[in-house]
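Shown next, in structure tokens, is the structure this report addresses.
There are 2 protein chains.
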Amino acid sequence: MPDTFTPGFGNRITLRDVALEAGVSIKTASRVVNGEPTVNAAMAVRVAEVVERLGYRPNELARSLKGRRSRTIGLVVDDVSNPFMAVCAQAIEGVAQEHGHALILCDSHADLSTEDAYVGLLAQRQVDGLLLVPARGRNGRLKAEQRAGLPVVAFDRPAEGVRTDSVLVENRAGAREATEHLIWHGHERVAFVGDVRHYYTARKRLDGYKQALKAADLEPLHTLDAHSIEQGEEATKGLLEAPDPPTALFAANILTALGALRAIEDLGLRVPDDVAVIGFDDFELAHVLRPRFTLVRQPAAELGRRAAETLFDRLEGRGRPEPQRLVLPTELIVRESCGCAPGLSP
Amino acid sequence: MPDTFTPGFGNRITLRDVALEAGVSIKTASRVVNGEPTVNAAMAVRVAEVVERLGYRPNELARSLKGRRSRTIGLVVDDVSNPFMAVCAQAIEGVAQEHGHALILCDSHADLSTEDAYVGLLAQRQVDGLLLVPARGRNGRLKAEQRAGLPVVAFDRPAEGVRTDSVLVENRAGAREATEHLIWHGHERVAFVGDVRHYYTARKRLDGYKQALKAADLEPLHTLDAHSIEQGEEATKGLLEAPDPPTALFAANILTALGALRAIEDLGLRVPDDVAVIGFDDFELAHVLRPRFTLVRQPAAELGRRAAETLFDRLEGRGRPEPQRLVLPTELIVRESCGCAPGLSP
DNA sequence: TTGTACGCGTTATCAA
DNA sequence: TTGATAACGCGTACAA
């Protein structure tokens, strides 16, 4: 037979090949491979030698089929290209690796039906558990699979219509702290430049902003639904060009923060003298910008890590049966754009 | 028996359950599920109804075991938290999804032995193919698995010691173009601030820089091995504080670019009047910085997409047998930090 | 058109 | 201690 190209696994060495070569039964070879103690030392050495020589590696698929666990988990994110998510994904991958699990990555692009399909595919692939950043809306398949016994951990946002473990960030408190800081600087007209209003994180941050204003007995002044740098820029211009404009801005995500900075620049205003600014969500360049940018930092790596650990707690039977909710604190990184003096913070 | 918690797949519905419930043979149920035409219409309807009611979904693991292809590919990157890689990963995931394949994500942290281990694990999981951003050094396992028939595509950098398909970026030409642009602006002392010198991409970019200087009959002036913003800052300070300092900088990656900007700022110099700067590698804020930052953009999404498509070409038996090399062009995004007038480019 | 028997590569059961 | 045999869930070959 000619040496044709055969797609697929190639002619991999199987346990049978090892057994044949070593002159033992398949089961004995299996025992050696799995390091079971009940095997004659000399024979173990002989089999091990054959394993080495033939380059045998167990077929994980067959193992999973038999063993009823795939040692694989699924991750469905809304957008891996978002640096925040990428950091989460990296942390999750690390935890999965520590636990001997592979990680299947899926990107729903924040689309519910795509997410739905992915959940189905992952279930078909027999993943042992699922980590996801839920898209907005109720995911029927997710609910069904969870009910059927699939462990699910939602992170960054809770899943709608399904009670799952969740690991979140203190969006409200972080936003409140940032707003309070601006108020502490003496600002009385503090505006909120926010993302799409039905996003979970956007809502929470708006709540925090409102809480701070209310506590200080000030009037809220917000604009919402800016979901790009351009829209953030437009929204900010609208605020600043209105009569009696704000003297401080809280930009509720990275896009609106950048848009706000551009708008301020375009209008010939200066940060922080004319308009003070605080953002939400970290970015590499925050301390390279001038003035250095003050923001609320989210613990991205820890978010991913804790989410993954929560899932493995479930898989390994630890913890209470009812769904857990973990909320991680944010950190206000005070630099200069809020009006604080230079040199206090990197 | 009590309804205890059983980790694992739960009691999933199998084809047998469907067959039993519908009163047909397993094979008939299988036919209906796979949409084979040779089946009685009425019976097909009955089986489909049972499938629906029981919520049956085929076990992809068993399918793979039988079919000798897992419909899974592996991706090993050196650092997913790098925004550039995250964009690549997103593109790859999209292509995998289009081809009905799942994507297992591994992060080698640029460590050769970690990469080696991952390649082994992926092979054990019977991935149909492998995409990787090779760490520096020769990976024995990679070579072995490729020889055993595993299709491999390296991207962003070629793999050392193994002949594989590769999809790369025009590092040298991009760097040359950027340097030429600075020379065109009239600079005669153009310095190179570079990454770790044995990195493939760093070497290529240095080559391009040198080519441009040589063509203009100028003296090269480079500093290397800066692998963080801080080191880039230090290196740049060293260059600018020396006698007869450069009037232009080519920063060969994003970290050295940011470091250079900080150094310039700290020394009280202005961009581009005192020092012109061009960077390599795109970042979100490049057009938010003032002056707007000129850089060489790498086609991250296309890099990932083409790499994945190259792999599927192999899997689907298209293309020539010998290893292919594809090199994608970069794009010089001219803004202001190079000395060009404002308003020419976004 | 439908069903039976077998195999994919592994682990589990039980007897030798 | 070792090995024959039966699963795991599905698809293929062949027969009915």
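These protein sequence lines map, in sequence, to chains A and B. What the first sequence shows, in our numbering, is residues 756 to 1101, in sequence order. What the second sequence shows, in our numbering, is residues 756 to 1101, in sequence order. Backbone N, C-alpha and C define an ideal beta-carbon position, used for all residues, glycine too.
Excluding the five sequence neighbours on either side, which residues of its own chain have a C-beta within less than 8 Å of the C-beta of residue i, listed in chain order?
i: Ile859 (chain B); result: Thr827, Ile828, Gly829, Leu830, Leu877, Arg880, Val882
i: Ala890 (chain B); result: Asp833, Ser863, Ala865, Asp866, Leu867, Thr869, Glu870
i: Lys959 (chain A); result: Asn926, Arg927, Ala930
i: Pro813 (chain A); result: Leu770, Val788
How about residue i and residue j: are their beta carbons less than 9 Å apart?
i: Leu976 (chain B); j: Val951 (chain B); result: no
i: Leu1010 (chain B); j: Val1032 (chain B); result: no
i: Ala1006 (chain A); j: Gly1023 (chain A); result: no
i: Arg1047 (chain A); j: Pro1097 (chain A); result: yes
i: Gly810 (chain A); j: Ala872 (chain B); result: no
i: Gln901 (chain A); j: Val917 (chain A); result: yes
i: Ala1056 (chain B); j: Ala909 (chain B); result: no
i: Leu995 (chain A); j: Leu885 (chain A); result: no
i: Leu1044 (chain B); j: Leu1040 (chain A); result: yes
i: Pro906 (chain A); j: Arg1069 (chain A); result: yes
i: Val794 (chain B); j: Ala777 (chain B); result: no
i: Val1030 (chain B); j: Thr1002 (chain B); result: yes
Cβ closer than 9 Å: which chain A residues qualify as neighbours of residue i?
i: Ile859 (chain B); result: Thr827, Ala857, Leu858, Ile859, Leu860
i: Leu973 (chain B); result: Simply none; closest approach about 29 Å.
How many Å lie between residue i and residue j at the Cα?
i: Glu935 (chain B); j: Arg1017 (chain B); result: 24 Å
i: Glu1071 (chain B); j: Ala981 (chain A); result: 43 Å
i: Gly892 (chain B); j: Pro838 (chain A); result: 28 Å
i: Pro1101 (chain B); j: Gln852 (chain A); result: The predicted model places Pro1101 (chain B) with a pLDDT of 44, which falls under 50 and marks its position as unreliable; any figure quoted below should be read in that light. Going from the Cα of Pro1101 (chain B) to the Cα of Gln852 (chain A) covers about 42 Å.
i: Ala784 (chain A); j: Gly875 (chain B); result: 20 Å
i: Gln1079 (chain B); j: Met798 (chain B); result: 50 Å
i: Ala1062 (chain B); j: Phe947 (chain B); result: 30 Å
i: Arg824 (chain B); j: Ala817 (chain A); result: 12 Å
i: Leu775 (chain A); j: Lys821 (chain B); result: 22 Å
i: Ala857 (chain A); j: Cys861 (chain B); result: 8 Å
i: Arg801 (chain A); j: Ile768 (chain A); result: 17 Å
i: Ala967 (chain B); j: Leu897 (chain B); result: 36 Å
i: Lys782 (chain A); j: Asp911 (chain B); result: 44 Å
i: Val1026 (chain B); j: Ile1019 (chain B); result: 8 Å
i: Arg808 (chain A); j: Val779 (chain A); result: 16 Å
i: Thr991 (chain A); j: Gly855 (chain A); result: 48 Å
i: Asp999 (chain B); j: Thr978 (chain B); result: 15 Å
i: Glu915 (chain A); j: Val850 (chain B); result: 29 Å
Under 8 Å between beta-carbons, which chain A residues line up against residue i? List them in chain order, please.
i: Pro813 (chain B); result: Gln879
i: Asn835 (chain B); result: Position check: residue 835 (chain B) holds Val in this sequence, whereas Asn was assumed. Correct list: Val835, Ala841, Ala844, Gln845, Glu848.
i: Gly810 (chain B); result: Ala899, Ala903
i: Phe1067 (chain B); result: Simply none; closest approach about 11 Å.
i: Leu1004 (chain B); result: What Leu1004 (chain B) touches in chain A: nothing, since even the nearest Cβ is about 15 Å away.
i: Phe1038 (chain B); result: Glu1039, Leu1040
i: Gly875 (chain B); result: Arg812
Among the residues of its own chain, which have a CB less than 6 Å from the CB of residue i, if the five just before and after it don't count?
i: Val1082 (chain A); result: Leu923, Glu925
i: Glu932 (chain A); result: Leu1087
i: Pro1084 (chain B); result: Glu925
Please list the partners that residue i has in chain A, where partner means a Cβ-to-Cβ separation under 7 Å.
i: Ser819 (chain B); result: Leu816
Looking at residue i and the ligand GTP, is the gap between the Cβ and the nearest heavy atom below 8 Å?
i: Arg818 (chain A); result: This structure simply doesn't include the ligand GTP, nor any ligand for that matter.
Quick check on DSSP: helix, strand or coil for residue i?
i: Val722 (chain B); result: Residue 722 (chain B) lies beyond the stretch modelled for chain B, which goes from 756 to 1101, so this question has no answer here.
i: Val850 (chain A); result: helix
i: Leu1081 (chain B); result: strand
i: Ile768 (chain A); result: coil
i: His1042 (chain A); result: helix
i: Leu962 (chain B); result: Strictly speaking, residue 962 (chain B) in this sequence is Asp, with Leu absent from that position. If DSSP states are grouped into helix, strand and coil, Asp962 (chain B) belongs with the helices.
i: Val788 (chain A); result: helix
i: Val907 (chain B); result: strand
i: Arg893 (chain B); result: strand
i: Phe947 (chain A); result: strand
i: Leu867 (chain A); result: helix
i: Leu1022 (chain A); result: coil
i: His982 (chain B); result: coil
i: Arg801 (chain B); result: helix
i: His936 (chain B); result: helix
i: Thr793 (chain B); result: coil
i: Cys843 (chain B); result: helix
Quick one: residues in its chain with C-beta nearer than 7 Å to the C-beta of residue i, no 5 flanking neighbours on either side, listed in chain order?
i: Asn1008 (chain B); result: Asp950, Phe1035, Asp1036
i: Ala971 (chain B); result: Ile938
Could you tell me which chain B residues have their CB closer than 7 Å to the CB of residue i, listed as they occur along the chain?
i: Leu1016 (chain A); result: Val1043
i: Pro838 (chain A); result: Pro838, Ala841
What does residue i touch in chain B if you count any residue whose Cβ is under 8 Å from its own?
i: Glu1020 (chain A); result: Arg1045
i: Leu1013 (chain A); result: Glu1039, Leu1040, Val1043
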